[in-house]
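Quick note on the numbering used here: the sequence shown kicks off at 21 and runs consecutively.
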Amino acid sequence: MNKNFGLLIDGKWLKNKKTINVYNPFDGKKISAVSIADSKQTINSIKSAHLAFQSWSKTSAKYRSEILKKLFKLTKESKDILSEIITLESGKPLEESKVEVEYGASFIEWAAEQALRSEGKLFESPENDKKMFYIKQPIGVVVAITPWNFPLAMVTRKVSAAIAAGCSVILKPSELTPLTALKFGELAIKAGLPKGVFNIINGNPKLIGEILSTNSMVKKITFTGSTEVGKLLMKDSSSTVKNISLELGGNAPFAIFSDANLDKAIEGFIAAKFRNAGQTCISANRLFVEKKIFNKFVKKLVLRFKKLKVGNGFENNDVGPLISEKAIKKIKNHVDDALSKGGKILIGGKKSKVGKLFFEPTIISNVNTKMKIFSKENFGPIIPIIKFESDEELIRLANQTEYGLAAYFYTKKTSRIWKVIENLDYGMLGINSGKISTYLNPFGGFKESGLGREGSLQCLEPFLETKFVSWSYND
Ligand code: SIN
Numbered sequence: 021m022n023k024n025f026g027l028l029i030d031g032k033w034l035k036n037k038k039t040i041n042v043y044n045p046f047d048g049k050k051i052s053a054v055s056i057a058d059s060k061q062t063i064n065s066i067k068s069a070h071l072a073f074q075s076w077s078k079t080s081a082k083y084r085s086e087i088l089k090k091l092f093k094l095t096k097e098s099k100d101i102l103s104e105i106i107t108l109e110s111g112k113p114l115e116e117s118k119v120e121v122e123y124g125a126s127f128i129e130w131a132a133e134q135a136l137r138s139e140g141k142l143f144e145s146p147e148n149d150k151k152m153f154y155i156k157q158p159i160g161v162v163v164a165i166t167p168w169n170f171p172l173a174m175v176t177r178k179v180s181a182a183i184a185a186g187c188s189v190i191l192k193p194s195e196l197t198p199l200t201a202l203k204f205g206e207l208a209i210k211a212g213l214p215k216g217v218f219n220i221i222n223g224n225p226k227l228i229g230e231i232l233s234t235n236s237m238v239k240k241i242t243f244t245g246s247t248e249v250g251k252l253l254m255k256d257s258s259s260t261v262k263n264i265s266l267e268l269g270g271n272a273p274f275a276i277f278s279d280a281n282l283d284k285a286i287e288g289f290i291a292a293k294f295r296n297a298g299q300t301c302i303s304a305n306r307l308f309v310e311k312k313i314f315n316k317f318v319k320k321l322v323l324r325f326k327k328l329k330v331g332n333g334f335e336n337n338d339v340g341p342l343i344s345e346k347a348i349k350k351i352k353n354h355v356d357d358a359l360s361k362g363g364k365i366l367i368g369g370k371k372s373k374v375g376k377l378f379f380e381p382t383i384i385s386n387v388n389t390k391m392k393i394f395s396k397e398n399f400g401p402i403i404p405i406i407k408f409e410s411d412e413e414l415i416r417l418a419n420q421t422e423y424g425l426a427a428y429f430y431t432k433k434t435s436r437i438w439k440v441i442e443n444l445d446y447g448m449l450g451i452n453s454g455k456i457s458t459y460l461n462p463f464g465g466f467k468e469s470g471l472g473r474e475g476s477l478q479c480l481e482p483f484l485e486t487k488f489v490s491w492s493y494n495d
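Here it is, written out as structure tokens:
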């Protein structure tokens, strides 16, 4: 890796004395130290992005699309190095990191294509001497704040769409996983992005976040992370009435009806639960199983859990470490809380011997709605399993949460499928599938899971303003 990585401001890599250490969650060893931005540099990144916006916003969509296509190609060509960095700093299994690079690259290609399709609309005017229409224009300087669980894909989903729309960007990656974003920054410069169009700053999230979310030159904040931080950003950015997109926490129900193909349902569940060791906001967080098949299903599931290999992401394992001590403590707290309220461990239940940040894949039964494992996002390899007896009961229990991001269910009955689709209060549904992540998905949620959508046919929309024109030609 380039040794000069630090901050990318105005097309230059800057290094500071003040740094943050980046650790490998597998063994806690330091991987690197990354420069952090002070307040002056944070403001400089805004000024640089503001200046760059004046010319970038005037470039043709075709030109922006060509640069993004180059960036897509470079990202694909760098798959090995990017995957290694992702596993090194996040701990996820290398195969998953490779899938993440493909997923991340797909957003760049998609944004390059959608750049060419941005459009306004001409209306049939109610007045004969007038033309009425609206045009779309890039919103301005965008701040993208991204999480540690997908160090590349969450960056590309936001940044490539903003750049395609004609915006300039300041990226603040997670301080736990900044190396992938910095490597991506190197590729973006190589692809030909002019200076200031893409800036990357690292550092204290509170200090940087406050400057970025209150500065009037910043017109848009797009954030993926916890609901708690999302609410703070919303509050801070209200002083300048910024446009804000939030992709926040989830508490995904995963329901299995008695007519489902149980083997397929189990594999779908494993895919939805154990991606990144359960550390995704669309991870299955509560497993609902119809009473008629409950005992049979539990036996099969416990056997499947026994086969999961927990360990180093570089050694062909299925489940890697959690990201931090804080994450382990939270999981332990959820398990203890469930046990104190009558929960029963079917498998797992404690920290794994593999390493400090590992937790055993865990199933808890005898669950009630007062338990934290029912009401809170656990973000780890644990799952409560809950019986239900009817479609109505399933819908009521599944919706009993302040979150509304993703939900999954397995059944063959078409009459039930439509009813459940309509009644689940969630932004994204997987039916007979545990995988919903694709560039086609308008990613986002209902309720406290966020505001707005990213990716999909609408991917440029969060980065565009609409300008209506009523034009009389009786001048
Ligand atoms: C997330 O966990 O925030 C995103 C997961 C995805 O895009 O699949």
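Glycine included, each C-beta is placed from N, C-alpha and C at the ideal position.
Remember, predicted model here, so these are calculated numbers, not experimental data.
Residue nearest to valine 387 in terms of C-alpha spacing, selected from Glu397, Gly475, Ile403: Ile403
Looking at serine 287 and the ligand SIN, is the gap between the Cβ and the nearest heavy atom below 7 angstroms? Serine is not the amino acid found at residue 287; the sequence shown has glutamate there. No, the ligand SIN has no heavy atom inside 7 angstroms of this Cβ.
Inter-residue spacing [alpha-carbon to alpha-carbon] between leucine 377 and threonine 107: 14 angstroms
Comparing alpha-carbon positions, which option in Thr486, Ser59, Asp495 lies nearest glycine 140? Thr486
Closest Cα partner of proline 214 within the set Ile87, Lys240, Ile313: Ile87
I think isoleucine 286 touches leucine 321, with their Cβ atoms under 8 angstroms apart; what is that distance to the nearest whole Å? 6 angstroms
Drop a sphere of 10 angstroms on the beta-carbon of lysine 178, count the other beta-carbons inside from all chains shown, and report buried for 16 or more, exposed for fewer. buried
Among residues of its own chain, excluding the 5 on either side of asparagine 22, which ones have a beta-carbon nearer than 7 angstroms to its beta-carbon? Bear in mind that a pLDDT of 49 at asparagine 22, under 50, signals an unreliable position, so the model cannot answer this.
With the cut-off set at 8 angstroms, would you say isoleucine 128 and leucine 91 are in Cβ contact? yes
For lysine 35, which residues from the same chain have a beta carbon less than 6 angstroms from its beta carbon, with the 5 sequence-adjacent residues on both sides left out? Gly26, Ser55
With which residues is leucine 27 paired in a DSSP beta bridge? Leu34
At the level of alpha carbons, what is the spacing between serine 110 and serine 98? 18 angstroms
Rounded to whole angstroms, what is the Cα-Cα separation between glycine 499 and serine 65? Outside the modelled stretch of the chain, which goes from 21 to 495, sits residue 499, for which no answer is possible.
I'd like to check one pair, isoleucine 313 with serine 259: are the Cβ atoms closer than 8 angstroms? no
Can you tell me which of Asn353, Leu232, Asn44 puts its alpha carbon nearest to the alpha carbon of lysine 5? No answer is possible for residue 5: the residues shown for the chain start at 21 and end at 495.
Beta carbon of phenylalanine 274, beta carbon of phenylalanine 294: below 8 angstroms? no
Pairwise C-alpha distance: lysine 255 and asparagine 461: 28 angstroms
Give me the Cβ distance between serine 71 and glycine 160, rounded to the nearest whole Å; I'm assuming they're in contact under 8 angstroms. Just to set this straight, residue 71 is leucine in the shown sequence, not serine. With a Cβ gap of about 12 angstroms, leucine 71 and glycine 160 do not count as contacting.
Go ahead and label glutamate 248 buried or exposed: buried means 16 or more other beta carbons lie within 10 angstroms of its beta carbon, across all protein chains shown. exposed
Does the contact criterion of 3 or more C-beta pairs under 8 angstroms hold for the segment 141-149 versus the segment 457-473? no
Using DSSP with H/G/I as helix, E/B as strand and the rest coil, what is glutamate 485? strand
So does serine 126 have its beta carbon nearer than 7 angstroms to some heavy atom of the ligand SIN? no
Of the residues Ile348, Glu413, Ser385, Ser360, which one's Cα is nearest the Cα of lysine 371? Ile348
Beta-carbon proximity list for lysine 262, same chain, < 8 angstroms, skipping 5 on both sides: Ser233, Val238, Lys239, Lys240, Ile241
Does arginine 416 come out as helix, strand or coil in the three-state DSSP assignment? helix
Helix, strand or coil for glutamine 478, going by three-state DSSP, please let me know. coil
In whole angstroms, what is the alpha-carbon distance linking glutamate 122 and proline 113? 15 angstroms
Taking all protein chains shown into account, do 16 or more other C-beta atoms lie within 10 angstroms of the C-beta of isoleucine 441, making it buried, or fewer, making it exposed? exposed
Once DSSP output is grouped into helix, strand and coil, what is the label at tryptophan 76? helix
Pairing CB atoms from the segment 172-189 with CB atoms from the segment 145-154, are three or more of them under 8 angstroms? no
Rounding to the nearest angstrom, what Cα-Cα distance links leucine 94 and aspartate 30 in this structure? 21 angstroms
Touching by the beta-carbon criterion (3+ pairs, under 8 angstroms), the segment 191-206 and the segment 219-227: yes
Per-residue DSSP class, three states only, for glycine 205: helix
Quick one: is the Cβ of methionine 174 within less than 7 angstroms of any heavy atom of the ligand SIN? yes
Can you list the alpha helix (DSSP H) stretches of 4 or more residues lying completely in the segment 221-295, in chain order? 225-234, 247-257, 282-294
Per DSSP, glycine 333 forms a beta bridge with which residues? In the DSSP output, where bridge partners are listed per residue, glycine 333 has none listed.
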